[in-house]
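Some notes on the structure that comes next.
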Amino acid sequence: MSDETIDVGNYLEGVAAPSAEGLNTCTHCGLCLNACPTYRVLGREMDSPRGRVFMMRQVREEQMPLSELIADHLYICLDCRACETACPSGVPYGELVEAGRAQVEAAGLTPRRWRFLRWLLNRVILPRPWLTRAVFALPRLYAASPLRALARLLPRRLRAWEAALPRPRAPIAVREASRSGGAVQRAAAPRAMALTGCVMEAMLPHLNRATESVLRKAGYDLVPAYSGCCGALNVHAGEREAAKGMARALIEAFSRSGAEYFVSNSAGCGAQLKEYAQLFEEDDPWHERAKQFASQVLDLSQALAMSGVAATRVLDAPVTYQDACHLAHAQRIRAEPRSLLKGCSDDFRELGDDQCCGSAGIYNLTHPEIASELLRQKLERIEATGAHLVVTGNPGCLLHLRRGAAERGMNVDVRHIAEVMDATL
Amino acid sequence: MSEQPSSFIERLRTIVGDDGLFSEPQQLRLYMYDGSIDRALPIAVALPRTAEQVAGVVRLCHEEGVFLTPRGAGTGLSGGSIPLCGGVVLSTARMKAVLAVDTENQTVTVQPGLVNLDLTKHVAPLGFQYVPDPSSQGACTIGGNVAENSGGPHTLTGGVTTNHVLELELVLADGERVRIGSPAPDPPGPDFVGVVCGSEGTIAVVTQILCRIVRKTECVRTMLAAFDSCRAASEAVSAVIASGIVPTAMEMMDHPALSAIEAFSHAGYPVDAGAVLLLELEALREEVEDAAPRVVEICRANGASEVRVAQNDEEREALWKGRKKAFGAMGRIGPSYYVQDGVIPRTRLPEVLERVEQAARKVGLRVANVFHAGDGNLHPLILFDDHDPDQAKRAIAAGEEILRACVEAGGSITGEHGVGMEKRDYMVLQFPKATLAAFTAFRDACDPGHTLNPYKLLPSGLGCAEGGKRQKTMAQMQELAERNAAVGDAY
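Heads up: the protein sequence lines correspond to chains A and B, in order.
Letter 271 of the first sequence, counting from 1, is numbered 535 in this note's numbering, and no numbers are missing.
Letter 199 of the second sequence, counting from 1, is numbered 855 in this note's numbering, and no numbers are missing.
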């Protein structure tokens, strides 16, 4: 978006603004409304995709100032991008709302609840790998310590948080099946670089180990993993400059490794990696480079489905799959995880609902009421399927669903697809 | 009438609660549009949660002489939910419960804000469906459907909303709550339900609906036929119906529309074709299997270069997704569109389509056609840039020309999108003066205070100017006028 030279209305110059082209693609038909989780919960046009696009357009056309009120509504958005799936016109909603937030950020209008958490996370913790490791390792260290014995003294709500903390879990129950399958041996193993990521490695390192293990079984030759941050949290918070630096560093490291594929096991990171080009102006050489890079990025489920690897064991429990928004809507990946799960289960049950679970990065902390309502709806759907195992492809959903299930006293285990595939291959 | 402006708003607030009322100018701007091109600002937006609250809002507006415009999802295409003369917008978005399902009597009781598709999803696991399926069914509400008497692709055999509503709970203009119709079919006396369906919020506000649901049909087959021209496709439509087969849907999409539809749906629509027909057969398996090859044959005999039958549910859904979201997809080929909605006898399709093309060409704009060919319900989409007031004017002129052509061909000025504010003045093309006077008299009897959705549906008698005289005594109305002027400048 090279908007800087064009009239940006009531937006600040020199900061990425929602593009006129993107905003004008919206015909305000309203077909996005019922796809939007916040509209479904709140019933307000201001909290619908059409409403937010309209507000952003009004600011650009100088009909509205960029105000605190608009900022609030832009941050009530989960950025789940279900509206992009529903939109017949192809409005690039995610790109628009992220640029809108960049403007809110630059104008100093970021909602207070966000400001502190975002500052802590994006400015203090994440830029310092040692601090990231230390902070996100705390829950894990706690879980392995004798302190845990005291957890039963906690109030019910806190106990649910406690129960969702990462800790060694029982192996996933599987049984041998008379299926032909097993690890794939390839003549020329494609080289791949995995992303261990910032939060994932500190908080859920076993998922990264499972990812590496399962990629090897699928015949990939792994180069050392990339352990930095992809910048997704920064982009979602409107901090584009910081994100650009992170993108350059990551692409550079990938190029040097000589790997063919870059594999992510987190939906949010994967979506960001595939959209790096949006961060750079079209005349910036990094724009082309980011585009090229995007074509080499795979979600773990894509990498596994492509390899043709087939499960040798099947899951014991009835299983369902929860679509992570940044897989289903942002990356349009729905078929691969399902076909993998059907390959290792005799009892796969569709959830029949792809509404956001409410986790959405730090949204569950900044907007707990809406997040809890969405979580409640999701858990009800899960209960209705009768599944005892819920599989998802994103760490945020995983922790959020675990907490909700514990609070509700449900007999379900929530697992990442990497663990499930590692247990059945 | 010596009320301070704030006190009216405060009284509204006591009815719907703090959380249920908006009056900030920036928030109000979000309720000045719908799915079409008209715009006007309200002075407040109320989001009631119960029928009692709806009645309270309606009564207060009635007592204070403040205009009230009901709104469902705001997906309408004729300005029905635009608060044309200011006043209060009453949104039913938070009244979306399914209150009861009665599979034995095949009925469902719902609140007006329930989304059409959510109703079908709710009863689908029980083997039932709700028949009217407007193209916006993923977002539009049952209450909105009742107001507009909405149709959809399956109108050809299934009928429109009024054929699927048995009983209504209403709030009358003075705030009184009543029930009309009956759970049993054909109650004695006038068909009041039929009158309310399509009255566009001008005589009452609906708070509860008893809908008919039907068993899902055993077998559905969807096929796509590609033709060189709209003329050939139109002839195929007439030929299929003349053969005695009545498909549940026969939808036509012309060449300009196809590329946008395919770009969105990836359903395999042939983008090079001059026109495409989407046909659906629904019946018992034997019947469908007998009819399907005959339909294919008739299409071929009328010049179809390709006929494809959807092989499974995914293919079928992809084809329908392309058709149902076709209007919205126009954003891909033009900044904005103005959709018209006229009905003609289907045998006149070729000549009227010709006149549609001419009308657009005359004003220098492009037109795409996506419509219900089976029942001759045209939907020309006139493409224009809504940043350019002159283009908007030209689009409206072409629209009027098209409606004239429909009436002259023996048709009507609206099939299913309603009259709203868009076609209010065209009612004179359709109805004699005496008929319009009778309509107006009926409406005056229902809403003597003229507060419900003013200046919609009927061409005369109730302009904003006339109603506005009473309202000018209220300070908030002046504020409204200023805000309206600001909006006027923008568009």
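In this text, a Cβ means the ideal position worked out from N, Cα and C, and glycines have one as well.
Being a predicted model, the structure only gives us computed values, none of them experimental.
Within chain A, partners of residue i - CB distance below 7 Å
i	result
Tyr-687 of chain B	Glu-309
Met-1077 of chain B	In chain order: nothing, as chain A lies at least about 16 Å away.
Pro-841 of chain B	Neighbours of Pro-841 of chain B on chain A: none; closest Cβ ~31 Å, over 7 Å.
Ala-749 of chain B	Gly-307
Glu-971 of chain B	Those within 7 Å of Glu-971 of chain B in chain A number zero; the least Cβ separation is about 15 Å.
Glu-680 of chain B	Leu-333
When the options are compared against residue i, the one with the closest alpha-carbon
i	options	result
Cys-867 of chain B	B:Ala-700, B:Thr-1107, B:Ser-737, B:Ala-756	B:Ala-756
Cys-493 of chain A	A:Pro-393, A:Ala-624, A:Pro-582, A:Leu-422	A:Pro-393
Val-1026 of chain B	B:Glu-1013, B:Pro-1006, B:Met-908, B:Glu-938	B:Met-908
Pro-224 of chain A	A:Val-279, A:Leu-579, A:Arg-645, A:Met-328	With chain A represented from 265 up to 689, any question about residue 224 of chain A goes unanswered, as that position is not in the structure.
Asn-288 of chain A	B:Gly-1055, B:Phe-1098, B:Ala-1061, B:Phe-1040	B:Phe-1040
Ser-1068 of chain B	B:Glu-1078, B:Tyr-1082, B:Met-1077	B:Tyr-1082
Pro-1088 of chain B	B:Glu-1078, B:Val-1063, B:Pro-1104, B:Cys-1102	B:Val-1063
Pro-432 of chain A	A:Glu-440, A:Ala-648, A:Ser-409, A:Ala-299	A:Ser-409
Ser-530 of chain A	A:Met-310, A:Thr-656, A:Lys-481, A:Leu-665	A:Thr-656
Leu-333 of chain A	B:Glu-1010, B:Gln-682, B:Lys-1112, B:Ile-859	B:Gln-682
Ile-665 of chain B	B:Val-722, B:Ala-696, B:Ala-711	B:Val-722
Asp-1042 of chain B	B:Pro-1036, B:Leu-940, B:Ala-1051, B:Ser-806	B:Ala-1051
His-718 of chain B	B:Glu-680, B:Leu-1114, B:Tyr-1111, B:Pro-1104	B:Pro-1104
For residue i, three-class secondary structure by DSSP
i	result
Gln-641 of chain A	helix
Pro-659 of chain A	helix
Val-744 of chain B	strand
Met-685 of chain A	helix
His-593 of chain A	coil
Ser-283 of chain A	coil
Gln-864 of chain B	strand
Val-876 of chain B	strand
Asp-563 of chain A	strand
Thr-576 of chain A	coil
Glu-362 of chain A	helix
Gly-673 of chain A	coil
His-810 of chain B	coil
Gly-676 of chain B	helix
Val-1030 of chain B	According to the sequence shown, residue 1030 of chain B is Gly rather than Val. Three-state result, Gly-1030 of chain B: coil.
Within chain A, partners of residue i - CB distance below 9 Å
i	result
Gly-712 of chain B	Per Cβ cutoff of 9 Å: no residues; Gly-712 of chain B is ~18 Å from chain A at best.
Phe-920 of chain B	Cys-351, Pro-352, Ser-353, Gly-354
Below-7 Å beta-carbon distance, residue i vs any chain A residue
i	result
Gly-1119 of chain B	Annotation note: pLDDT 47 at Gly-1119 of chain B (below 50); position unreliable, coordinate value reported separately. No, because no Cβ of chain A sits closer than 7 Å to the Cβ of Gly-1119 of chain B.
Leu-1186 of chain B	Not covered by the structure: residue 1186 of chain B. The range shown for chain B is 657 to 1147.
Val-995 of chain B	no
Arg-1022 of chain B	no
Gly-794 of chain B	yes
Gln-683 of chain B	yes
Arg-669 of chain B	no
Residue-chain proximity (residue i, chain B), Cβ-Cβ < 7 Å
i	result
Met-328 of chain A	yes
Leu-276 of chain A	no
Asn-298 of chain A	yes
Leu-653 of chain A	no
Leu-333 of chain A	yes
Leu-295 of chain A	yes
Ala-371 of chain A	no
Under 7 Å by beta carbon: chain B residues contacting residue i
i	result
His-292 of chain A	Tyr-689, Gly-691
Leu-638 of chain A	Here the premise fails: no neighbours, minimum Cβ distance about 16 Å.
Gly-315 of chain A	Leu-686
Gln-322 of chain A	Arg-685
Neighbouring residues, chain A, relative to residue i (Cβ below 8 Å)
i	result
Gln-709 of chain B	Those do not exist, as Gln-709 of chain B stays about 13 Å from chain A at its closest Cβ, beyond 8 Å.
With 9 Å as the limit, tell me which residues of the stretch 278–289 of chain A have their beta carbon closer than that to any beta carbon of chain B; keep them in chain order.
-> Flagged, chain order: Asn-288, Thr-289.
Using a Cβ-Cβ cut-off of less than 8 Å, list which residues of the stretch 980–992 of chain B approach chain A; keep chain order.
-> Considering only beta carbons, the part of the stretch 980–992 of chain B lying closer than 8 Å to chain A consists of Lys-981, Ala-982, Phe-983, Gly-984, Ala-985, Met-986, Gly-987, Arg-988, Pro-991, Ser-992, in chain order.
Residues in the stretch 754–783 of chain B having any Cβ partner in chain A nearer than 8 Å = Listed by position, the residues of the stretch 754–783 of chain B near chain A (Cβ gap below 8 Å) are Gly-769, Val-771, Leu-773, Asp-774.
Which residues, in order along the stretch 720–741 of chain B, keep a beta-carbon less than 8 Å from a beta-carbon of chain A?
-> Answer in chain order: Ala-729, Gly-730, Thr-731.
For the stretch 596–616 of chain A, which residues have a beta carbon sitting closer than 8 Å to at least one beta carbon of chain B?
-> Going along the stretch 596–616 of chain A in chain order, one finds no residue with a Cβ nearer than 8 Å to chain B.
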